[in-house]
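In my numbering, the protein residues as written are 248 to 416.
Yeah, the Cβ is synthetic: ideal placement off N, Cα and C, and Gly gets one too.
Please read these numbers as outputs of a predicted model, since none were measured by experiment.
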Amino acid sequence: MNFPEKYKNTVCCIKCRKLGVEYTGKTKFRYCKTCKSHVYIYNEIPVQKDPKSAKMLFSITVIFVFFFLASQNSPPSVTFFMTIATGLLFTWAFKNEKKRIRKIEAIMKEHHENNFILSEEDENIVDKEIKESIDFESWKSEYLKGDPVRKFFSDEQIAETFANQASKD
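Spelled out as structure tokens, the structure:
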């Protein structure tokens, strides 16, 4: 099913079965404020972006393991079992990602069929985070130029100062 682009760029919590949930963490790892589980954005799942490339990468890795072990003069049983183990590991990882994608698609389908309304601020969460990151980086460079001693501050201290100043504005 084709979903609107706003659904594909919206934060989704599998445990709560909701789109557009509030979350903590503005970096790579985001967690739902309600249930504290990991939240996902459909367009950010690597296997979803290009499944053929993911399958090819997994296959090439298994072939590489086979030839690497063969070139190291490993016993045939080690070469065989390690190649099989690598193949099973990557197959499990791929299927796990596809299962997660199917769950997110089911939630998006449910929201789409029931015409649940997403708030405007949830539509382009990725663009919003990129803009905030650029704003922080430009502010940080100006902040560090202001006083030479500030270059010795940790990133956490600088981020805290930015958050305090942003909340005042």
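Supposed close pair residue i, residue j - CB separation, criterion 8 Å
| i | j | result |
| --- | --- | --- |
| R347 | I292 | 7 Å |
| C259 | V286 | 6 Å |
Nearest to residue i (by Cα), restricted to the options the options
| i | options | result |
| --- | --- | --- |
| F251 | E344, R277, S300 and E357 | The sequence as given places Pro at residue 251; Phe does not occur at that position. It is E357 whose Cα lies nearest to the Cα of P251. |
| I331 | P395, I310, E360 and F276 | I310 |
| N256 | K262, K283, I351 and K299 | I351 |
| L266 | F276, A353 and N343 | A353 |
For residue i, the three-state DSSP class (helix, strand or coil)
| i | result |
| --- | --- |
| K387 | helix |
Pair within 8 Å by beta-carbon distance, residue i and residue j
| i | j | result |
| --- | --- | --- |
| F328 | F305 | no |
| A301 | F341 | yes |
Any beta strand (DSSP E) of 3 or more consecutive residues that is wholly inside the region 264-352: 286-288
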